[in-house]
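These notes are about the structure you will find just below.
2 protein chains.
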Amino acid sequence: MTQRSRELCSCPASILMDVLSGPWTMYILWVLSTSGATRFGALKRRIEGISTKMLTERLRMLEQEGIVYRHYEPTVPPQVTYGLTERAQELVAILDQLNALAQRWYGQEKAQAG
Amino acid sequence: MTQRSRELCSCPASILMDVLSGPWTMYILWVLSTSGATRFGALKRRIEGISTKMLTERLRMLEQEGIVYRHYEPTVPPQVTYGLTERAQELVAILDQLNALAQRWYGQEKAQAG
DNA sequence: CCGTATCCTGTCGGATACTG
DNA sequence: CAGTATCCGACAGGATACGG
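Residue numbers (our numbering), protein chains in the order written: chain A, 399 to 512; chain B, 399 to 512.
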């Protein structure tokens, strides 16, 4: 499993990959990078098919890695907004390269860079 | 699951990510990039803990994506060697950046660039 | 040596119901 | 609205045995 490979490799890139590898993760990042900060409900609606559990799990993980921030507004009803951190920008830049490479390899269907 | 997110995103990077996301995949690439072409048995020994099934699965997938090549020598006993393709070099270059980024984030324990 | 085939288990993740 | 708690089925992946 992925966790195993991280321990054995101890290569920093693997740690990052383990984070990005999670289901929906790339898609969440892409939505946040194109739409900007988004509220939980809106995020869930945009990512059609994702379960509440999955979305919160991924967001918690990304938050813990400092890639996504969480802003809680204690109104009634409460509003929680998620967005990309400074850190994430660096990451997205690299993912863009990956995207560019993938487009050259697989044909450039859509240029949905992050 | 990952497959789902690919369909929905249709972003080429996601396709690539799906490939790289597989368990052990990054580790396999790292071993191949640092050790050069390697025979199946040696590969399995270097990647301690991986099962035969897993290793063949990952190699088949990487081969299908044109990232890894397979060279079969019909000697007795047969020798099968795996190595990185030209394509893989481009990929590894980007993964190096990811590695560099990860080192800055998580501290540079070991500089095991691919 | 380099795998494939089969079985079997652990875990991931969806569905549902419920709270501040 | 934004989650948490619980249950449960599917399937990924390990162990084992066997074939070219």
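Glycine included, C-beta positions come from ideal geometry on N, C-alpha and C.
Are any of the Cβ atoms in chain A nearer than 8 Å to that of alanine 500 of chain B? Alanine 500 of chain B counts as touching chain A.
Identify the contact partners of methionine 459 of chain B in chain A, using a Cβ-Cβ distance below 7 Å as the criterion. Within chain A, no residue comes near methionine 459 of chain B; the closest Cβ sits about 14 Å away, beyond 7 Å.
Inter-residue Cα distance where the pair is threonine 483 of chain A and serine 431 of chain A: Threonine 483 of chain A and serine 431 of chain A: Cα-Cα distance of roughly 10 Å.
Would you check if there are 3 or more beta carbon pairs closer than 8 Å linking the segment 479–498 of chain A to the segment 479–498 of chain B? When C-beta atoms of the segment 479–498 of chain A are compared with those of the segment 479–498 of chain B, three or more pairs fall below 8 Å, so the two segments count as touching.
Going by alpha carbons, who is nearest to tryptophan 503 of chain B out of A:Tyr504, A:Glu463 and A:Tyr480? Taking only the C-alpha atoms, the option nearest tryptophan 503 of chain B is A:Glu463.
Can you list, in chain order, the residues of the segment 486–499 of chain A whose Cβ is nearer than 7 Å to any Cβ on chain B? Considering only beta carbons, the part of the segment 486–499 of chain A lying closer than 7 Å to chain B consists of Glu488, Leu489, Ile492, Leu493, Gln495, Leu496, Asn497 and Leu499, in chain order.
Please name the residue in B:Pro475, B:Met424, B:Ser419 and B:Met459 whose C-alpha comes closest to that of arginine 437 of chain B. The shortest Cα separation from arginine 437 of chain B among B:Pro475, B:Met424, B:Ser419 and B:Met459 belongs to B:Pro475.
Using a Cβ cut-off of 9 Å, pull out every chain B residue sitting near tyrosine 504 of chain A, in sequence order please. Residues of chain B with a Cβ closer than 9 Å to the Cβ of tyrosine 504 of chain A are, in chain order, Pro410, Ile413 and Leu414.
Per DSSP, arginine 485 of chain A forms a beta bridge with which residues? DSSP output for arginine 485 of chain A lists no bridge partner at all.
Check distances from the C-beta atoms of the segment 427–447 of chain B to those of chain A and list, in chain order, the residues that come in under 8 Å. Listed in sequence order: Trp428, Ile445, Glu446 and Gly447.
Run through DSSP, which three-state label would threonine 479 of chain B get? Assigned with DSSP and collapsed to three states, threonine 479 of chain B falls in strand.
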